[in-house]
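A short write-up of the structure that comes next.
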Amino acid sequence: MPAVKRGGTVAVTGAAGFIGGWAVRRLLERGYRVRACVRNVDDDRRTGFLKAMPGYASGRLTLHAADLDTPGCFDPIFAGCHGVLHISHVSSYDDHAYVRRTCDHIIASINKSATVARVVVTSSIAAVISEVDISELERRPVCYEDRYPDEQNPKRTPERGQGYSMGKVIAERAFAEAAEANGTWDSITCCPADNVGPIQSAHQKDMGPWQHIIEGMLTGKYFQTGAYRPWIVVDVRDDADCHVGLLESIKVKNGERYIAWSTETRKVEDICASIDRLLPELRHAAPEVTDPFPDRIKAREAELRKVWAGIELRNDRMLSVVPITFRPMDESIRDCVESLISVAGVTVQRRANDA
Ligand SMILES: NC(=O)c1ccc[n+]([C@@H]2O[C@H](COP(=O)([O-])OP(=O)(O)OC[C@H]3O[C@@H](n4cnc5c(N)ncnc54)[C@H](OP(=O)(O)O)[C@@H]3O)[C@@H](O)[C@H]2O)c1
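Taking my numbering, I'd label the letters of the sequence shown as residues 65 to 419.
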C-alpha cells in the first residue's frame, strides 16, 4: 500500500490533545494540509493553540467538529484525505462493545472516503506490557512489538484494571482487519510509552497522567506510580515524529505495530529530583513522594521494583522504519517543566529561604 504522499492531506483525531497537538504541528512543519478533529471547535481554551499555528492563518490547517460517539461524523472530514492519524482517546475503554463501535464507524468513514491510503492508530505500551499478573513480565521480559499481555489469563478483565490495554488491542485488530478486508488502505499501529515533554496549551497540563504528575512535583505533592513501575518514556515531540514517520514510511505493512519509546526509564522519585538538577535556577523544593498503594502492594515493593528492573525494552523496529533519534529524558523533563510554568502558569514551590 502506498505511503501518504508528502504535502498530502491528513486528518488528526484528538488534535487538541497532548500528542495530537504535536502531531498537527509536525505535519504542518513537513508541508501537509491538516484537518484537526476536535469535539468543540469554538472552545478556545482547548483549540486556541491550534488556531495560533501559522498554517491556520493560511487555511492549510482547518478545524473540524467530530465526536467519536457520533457515527458518520468523520465522513465529510475524511473525504479527500490521504492519511489519518487516529490519536484520540475514546469515552470508555472498559466497555469493549463501545470501543468496537467507535472503531467501526471510523473505519466506515475511511472506506467511504476512497482516498485514505494509510491510517496510524494510536495504541499504547499498555497493550504490550500491562499484565494482570506481573510475574508474566519475568517470564517474558523482552518488551517488543510481538509481545502482548497474557490474553489467556482469566483475571485479565476491566474489573482488574485491564480495560485500557484490552480496549487498545481490540482497536488495533479492528483497524488491521478492516484494512485487510478493504484492500485500498493500510493500518499501522503506534504504541507510545509515557509521554513527557512540553505542553502547548494550558488545558493540557491536566491531561495524560505524566505532565500532571510533574505539575504535582512542582507544586508540592506527587504520587508513586503504577505499582512501583518506573516511567518508561518517549518525548511527546518524538512520539509525534514517530506517528508522522509511520504515515510516510515505505517499509511498513498493514497490521504491523511499532513501539515509540526511547528505552530510557526512571523512577518517579528520580524524575522529581531531576527538576532541581536540570533547572537549579528554579530552586525547586522537591516534595517527598506519596505512596497511595494498599498495604498488600506496599509489602511487595522490593519484589515489584525488581521485576520492573529486569525488563528489556527494544525499539529496533521503530528505528528501522522511521528516521528518529529519541531525545534523552532530561530534555523532556526540562521542557515539560518550563512549559508548565510558561504556558499554564504553574506556580513552583521553592525552597523556604529562597522565596
Ligand atoms: N499520554 C501518554 O503518555 C500516552 C501513552 C500511550 C498512549 N497514549 C494514547 O495516545 C492518545 C492521545 O493521548 P494524549 O495523552 O494526547 O491524550 P489527551 O491529551 O487527553 O488528548 C486526547 C484527546 O482525545 C479527545 N477525545 C476524548 N474522547 C473523545 C471522544 N469521545 N470523541 C472525540 N475526541 C475525544 C479529546 O478531544 P477534545 O480535546 O477535542 O475534547 C482530547 O483532546 C490516546 O489514544 C492515548 O491512549 C497516550
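In this text, a Cβ means the ideal position worked out from N, Cα and C, and glycines have one as well.
- Secondary structure in the region 285-332: the beta strand (DSSP E) runs of 3 residues or longer, each lying completely within the stretch, are 295-299 and 321-324 in chain order.
- The three-state reading of DSSP puts Val385 in helix, counting H, G and I together.
- Relative to ligand 1, even the nearest heavy atom lies 6 Å or more away from the CB of Met382.
- Phe142 has its alpha-carbon roughly 9 Å from the corresponding atom of Asn175.
- Looking at the backbone, the Cα of Ala67 and that of Gly147 are separated by about 9 Å.
- Going by DSSP, Thr111 is part of the alpha helix (DSSP H) stretching over Asp108 to Lys115.
- Beta-bridge analysis with DSSP links Glu376 to Val206.
- The bridge partners DSSP lists for Asp340 come to none.
- Relative to the non-hydrogen atoms of ligand 1, the Cβ of Arg103 comes within a distance shorter than 6 Å of at least one.
- The nearest non-hydrogen atom of ligand 1 is less than 6 Å from the C-beta of Ser152.
- In this structure, the C-beta of Pro256 approaches ligand 1 to less than 6 Å from one of its heavy atoms.
- Here the region 321-330 lies against the region 207-218, with 3 or more beta-carbon pairs under 8 Å apart.
- In this structure, Leu149 places its C-beta atom within 7 Å of the C-beta atom of Ala87.
- Nearest C-alpha to Ala172 among Arg293, Pro205, Met271 and Ala243: Ala243.
- The C-alpha of Val316 lies about 7 Å from the C-alpha of Val385.
- Using a C-beta cut-off of 8 Å, the region 395-415 makes contact with the region 258-276, since at least three inter-stretch Cβ pairs fall below that distance.
- Assigned with DSSP and collapsed to three states, Leu282 falls in helix.
- With contacts defined by Cβ atoms closer than 7 Å, Arg90 and Val308 form a contacting pair.
- Only exposed fits Ala116, as fewer than 16 other CB atoms lie within 10 angstroms of its CB.
- Scanning its chain for C-beta atoms nearer than 8 Å, with the 5 sequence neighbours on each side dropped, one finds around Arg70 the residues Arg94, Gly95, Tyr96 and Glu312, in chain order.
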